[in-house]
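A quick write-up on the structure given underneath.
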């Protein structure tokens, strides 16, 4: 699916030297658990699916990986859930490059945010943060806050009560301003394109307003809604990845590689169901 090309603010003239292409890997809603399938969710099969995805990402030599939340599913105990986290993260660590984590609601059924990030060995121990790669800026958001600003922790929440709290909104506006003309990509678990849907961030219009005002956001990648989807609001594309956990065996895997060519055209290459 083509997501570009996009006009860069302060773009270099045509006579400027060309820049090399690069790519990064995306996956969402692994929901790994050592548990029998329930409905369309095949929890144990996510282990092999992630192994296949990591193999492809390594073969493609993508620059980095981002998993878009719900890395694990609920276990019968906190100890068992920690075991699930360490088991699936061991596979994720098979990628030969930087790995990034987005927090999903299922990640916080048994843990606080700090406990989850420590349990999976994340190099960045923050629930929302940003980083740069090449000439681009990348922003990871955390919509796991209740309406009153309380953080999700150890199941103290309803999954439909999802908000980007005010301190994070202020940080986001300042972060994108600092990025200046660098094209920016945003990642989160819950959905920013439709606040009326149960999967949507309830104050999504405010957050979209920040992204639109910044003028440098190319696309938002999100998960949570297992069927996936795509929307364009203003100049920003909102791409929802399909869930890896859905369906049995490798035939029902779902993951993607995002390619950025020298002209800054962005395309998402899906694998299997994606």
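In our numbering, the protein residues as written are 570 to 843. Backbone N, C-alpha and C fix where the C-beta goes; we use that ideal spot for every residue, glycine too. Remember, it's a predicted structure, so these values are computed and weren't measured experimentally.
DSSP state of residue i mapped onto helix, strand, coil
i: residue 713; result: strand
i: residue 828; result: strand
i: residue 791; result: strand
i: residue 571; result: Any reading at residue 571 must be qualified, since the residue scores a pLDDT of 49, below 50, and its modelled position is unreliable; no value is offered.
i: residue 740; result: helix
i: residue 810; result: coil
i: residue 701; result: strand
i: residue 561; result: This structure cannot settle anything about residue 561, because the visible part of the chain is limited to 570 through 843.
i: residue 594; result: strand
i: residue 840; result: strand
i: residue 835; result: strand
i: residue 748; result: helix
i: residue 779; result: helix
i: residue 687; result: helix
i: residue 674; result: helix
C-alpha gap between residue i and residue j, whole angstroms
i: residue 823; j: residue 839; result: 7 Å
i: residue 664; j: residue 670; result: 13 Å
i: residue 742; j: residue 753; result: 12 Å
i: residue 727; j: residue 637; result: 19 Å
i: residue 646; j: residue 809; result: 30 Å
i: residue 597; j: residue 814; result: 9 Å
i: residue 628; j: residue 816; result: 25 Å
i: residue 797; j: residue 780; result: 21 Å
i: residue 730; j: residue 802; result: 23 Å
i: residue 825; j: residue 642; result: 21 Å
i: residue 794; j: residue 763; result: 11 Å
i: residue 616; j: residue 821; result: 13 Å
i: residue 842; j: residue 618; result: 12 Å
i: residue 811; j: residue 633; result: 19 Å
i: residue 746; j: residue 770; result: 22 Å
i: residue 600; j: residue 778; result: 31 Å
i: residue 744; j: residue 713; result: 20 Å
i: residue 697; j: residue 725; result: 20 Å
i: residue 773; j: residue 667; result: 29 Å
i: residue 622; j: residue 692; result: 21 Å
i: residue 787; j: residue 735; result: 23 Å
i: residue 757; j: residue 819; result: 25 Å
i: residue 831; j: residue 799; result: 24 Å
i: residue 681; j: residue 733; result: 17 Å
Member of the options whose CA lies at the smallest distance from the CA of residue i
i: residue 833; options: 692, 751, 694; result: 751
i: residue 806; options: 760, 747, 598, 603; result: 760
i: residue 837; options: 640, 599, 827; result: 827
i: residue 704; options: 725, 607, 829, 722; result: 829
i: residue 749; options: 695, 785, 733, 624; result: 785
i: residue 676; options: 688, 718, 794; result: 688
i: residue 592; options: 672, 601, 625; result: 625
i: residue 740; options: 716, 721, 710, 756; result: 710
i: residue 723; options: 594, 685, 699; result: 685
i: residue 659; options: 791, 690, 800; result: 690
i: residue 604; options: 595, 635, 650; result: 650
i: residue 620; options: 657, 606, 595; result: 657
i: residue 674; options: 783, 767, 630, 755; result: 767
DSSP bridge partner residues for residue i (one or two, in chain order)
i: residue 760; result: 769
i: residue 668; result: 634
i: residue 805; result: 802
i: residue 753; result: 706, 786
i: residue 823; result: 841
i: residue 815; result: 610
i: residue 720; result: 714
beta-carbon residue i near the ligand ADP non-hydrogen atom, thresh 7 Å
i: residue 726; result: This structure lacks the ligand ADP, and indeed carries no ligand of any kind.
Entirely enclosed beta strand (DSSP E) segments - the stretch 597-665, minimum 3 residues: Segments of the beta strand (DSSP E) lying fully in the stretch 597-665: 634-636.
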